[in-house]
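Asks: Position in the sequence shown (first residue = 1) + 6 = this note's numbering.
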Amino acid sequence: MKRLESKVAIITGAGSGLGREIAELYALEGAKVVIADMNIQGAEETVQTIKTAGGEALAIQTNVTVEEDVQLMIDTAVEQFGTLDILVNNAGIMDNMYSATTITDDVWDKVLAINTTGVMRATRKALSIFEEKQAGVIVNMASISAVTGGRGGLAYTASKHAVAGMTKNVASHYGPLNIRCNAIAPAAVPTNITNNLVQPDEFGMKQALRGVDMMSRPGTTKEIANIALFLASDESSYVNGAVIQADNGWSAY
Ligand SMILES: NC(=O)c1ccc[n+]([C@@H]2O[C@H](COP(=O)([O-])OP(=O)(O)OC[C@H]3O[C@@H](n4cnc5c(N)ncnc54)[C@H](O)[C@@H]3O)[C@@H](O)[C@H]2O)c1
7 MKRLESKVAI
17 ITGAGSGLGR
27 EIAELYALEG
37 AKVVIADMNI
47 QGAEETVQTI
57 KTAGGEALAI
67 QTNVTVEEDV
77 QLMIDTAVEQ
87 FGTLDILVNN
97 AGIMDNMYSA
107 TTITDDVWDK
117 VLAINTTGVM
127 RATRKALSIF
137 EEKQAGVIVN
147 MASISAVTGG
157 RGGLAYTASK
167 HAVAGMTKNV
177 ASHYGPLNIR
187 CNAIAPAAVP
197 TNITNNLVQP
207 DEFGMKQALR
217 GVDMMSRPGT
227 TKEIANIALF
237 LASDESSYVN
247 GAVIQADNGW
257 SAY
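Rendered as structure tokens:
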């Protein structure tokens, strides 16, 4: 029996990087997956790969900062696949490493809107279904910046600390209803998020790079997807409110 047999999962930001890898793995393990991304072309590509491998998936253009989009994303999962079992809040952006003196209101608002408010919106809507079913799993993509102070810019660090807080709050409040919410805190994994980093803030970048030589190696998308699979499956049934650091021991130093 596959580990997510007949489960219905939504993965935000699954048109690229970590979200795409998670979606492909979930589909291989028997889940029907909704690929939600602002970038519909990327989302369609993920769907195509999944279908070619014999899996079930659909793409939906979703901006996680827009309430109507989030409502439609979850309604579509229920209409097309019958229910919702797993929500992976993965969509996110970086902040160009702006520090506390160089951060602009625009960057702050954008990063918080996507990385934090987007997670709240999708969580709120998914919980209305999970409460009724008395079952459901949420996996949040936090970051090592959810548990450390200096590895990202100010806005990114604040946004991901908020994700860790929401993860624990939801786990604590809804655990008794058989609903689990955990987070993954990866260090560095080569994806478009870092490829898209152009002319980062000089001071913020210099400070963030301190200690990077202590990191033994970057992670792979597969290594992160494996954690997301564990957290979505019944194998992690007693794990709730955890923020799992995935950094080969970097932050343990
Ligand atoms: N790659 C890393 O090193 C790393 C480390 C720690 C945490 N993370 C987190 O992992 C998550 C995925 O990042 P990635 O590395 O795969 O990056 P990525 O850029 O490859 O993928 C992010 C995806 O999110 C989508 N997206 C962005 N804004 C969106 C919005 N408003 N609504 C819907 N979709 C949106 C993008 O279109 C893209 O497809 C992010 O939350 C990121 O903060 C990544």
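No residue lacks a Cβ here, since even glycine has one placed at the ideal position from N, Cα and C.
May I ask whether a heavy atom of ligand 1 can be found less than 8 angstroms away from the beta carbon of Thr18?
Replies: Yes, Cβ of Thr18 sits closer than 8 angstroms to a heavy atom of ligand 1.
Asks: Could you compute how far the alpha carbon of Asn184 sits from the alpha carbon of Leu93?
Replies: So the two alpha carbons sit approximately 15 angstroms from each other.
Asks: For Asn246, count the other beta carbons within 10 Å of its own beta carbon; 16 or more makes it buried, fewer makes it exposed. Which is it?
Replies: Asn246 comes out buried.
Asks: Could you tell me how far apart the beta carbons of Asn96 and Gly25 are, in whole angstroms, since I believe they sit closer than 8 angstroms?
Replies: Right, their Cβ atoms sit about 4 angstroms apart.
Asks: By the three-class DSSP mapping on this structure, what secondary structure does Pro224 have?
Replies: Residue state, collapsed to three classes: coil.
Asks: Mind checking whether the beta-carbon of Val70 lies closer than 8 angstroms to any heavy atom of ligand 1?
Replies: Flag set: Cβ of Val70 near ligand 1.
Asks: Any heavy atom of ligand 1 within a distance shorter than 8 angstroms of the CB on Met211?
Replies: Because no heavy atom of ligand 1 lies under 8 angstroms away, the Cβ of Met211 does not count as near it: no.
Asks: Ordered along the chain, which non-local residues of its own chain (more than five positions away) have a Cβ less than 7 angstroms from that of Gln251?
Replies: Ile150, Val153, Ala191, Ser257, listed in sequence order.
Asks: State the start and end residues of the unbroken beta strand (DSSP E) segment that holds Arg186.
Replies: Segment 185–192, the beta strand (DSSP E) holding Arg186.
Asks: Can you list the alpha helix (DSSP H) stretches of 4 or more residues lying completely in the segment 59–134, in chain order?
Replies: List check, alpha helix (DSSP H) in window: 73–87, 111–118.
Asks: If you follow the alpha helix (DSSP H) that Ile261 is in, where does it begin and where does it stop?
Replies: Past the edges of the chain, shown from 7 to 259, lies residue 261, and the structure says nothing about it.
Asks: Would DSSP call Asn246 helix, strand or coil?
Replies: Coil.
Asks: Under 8 angstroms, with one C-beta from each stretch per pair, do the segment 100–113 and the segment 52–70 reach the 3-pair mark?
Replies: Result no; under three Cβ-Cβ pairs closer than 8 angstroms.
Asks: Under the criterion of a Cβ to heavy atom distance below 8 angstroms, does Ser149 qualify as lining ligand 1?
Replies: Checking the Cβ of Ser149 against ligand 1 gives yes.
Asks: Looking at the structure shown, is Thr52 part of a helix, part of a strand, or coil, going by DSSP?
Replies: The answer is helix: DSSP assigns Thr52 an H, G or I state.
Asks: Quick check: the Cα distance between Thr89 and Glu208, rounded to an integer number of angstroms?
Replies: Straight-line Cα distance between these residues: approximately 47 angstroms.
Asks: Within the chosen definition, does the segment 108–125 reach the segment 158–168 through at least 3 CB pairs nearer than 8 angstroms?
Replies: With the cut-off at 8 angstroms, the segment 108–125 and the segment 158–168 touch.
Asks: Comparing the CB of Met100 with every heavy atom of ligand 3, is any distance shorter than 8 angstroms?
Replies: Ligands in the displayed structure: ligand 1; ligand 3 is not one of them.
Asks: Just reading off the alpha helix (DSSP H) that Lys271 is part of, what are its end residues?
Replies: There is no way to answer for residue 271, as the model of the chain reaches only from 7 to 259.
Asks: In terms of alpha-carbon separation, which member of His179, Val39, Met100 lies closest to Met79?
Replies: Checking every option, the nearest Cα to that of Met79 belongs to Val39.
Asks: Got a sec: does ligand 1 put a non-hydrogen atom nearer than 8 angstroms to the Cβ of Met172?
Replies: False, no ligand heavy atom lies under 8 angstroms from that Cβ.
Asks: Could you check the C-alpha separation between Asn126 and Met172 for me, to the nearest Å?
Replies: Residue identity differs from the one stated: residue 126 is Met in this sequence, not Asn. One C-alpha to the other measures close to 8 angstroms.
Asks: Within 10 Å of its beta-carbon, does Ser243 have 16 or more other beta-carbons around it, so buried, or fewer, so exposed?
Replies: Per the 10 Å Cβ criterion, exposed.
Asks: So does Asn45 have its beta carbon nearer than 8 angstroms to some heavy atom of ligand 1?
Replies: Yes, the Cβ of Asn45 comes within 8 angstroms of a heavy atom of ligand 1.
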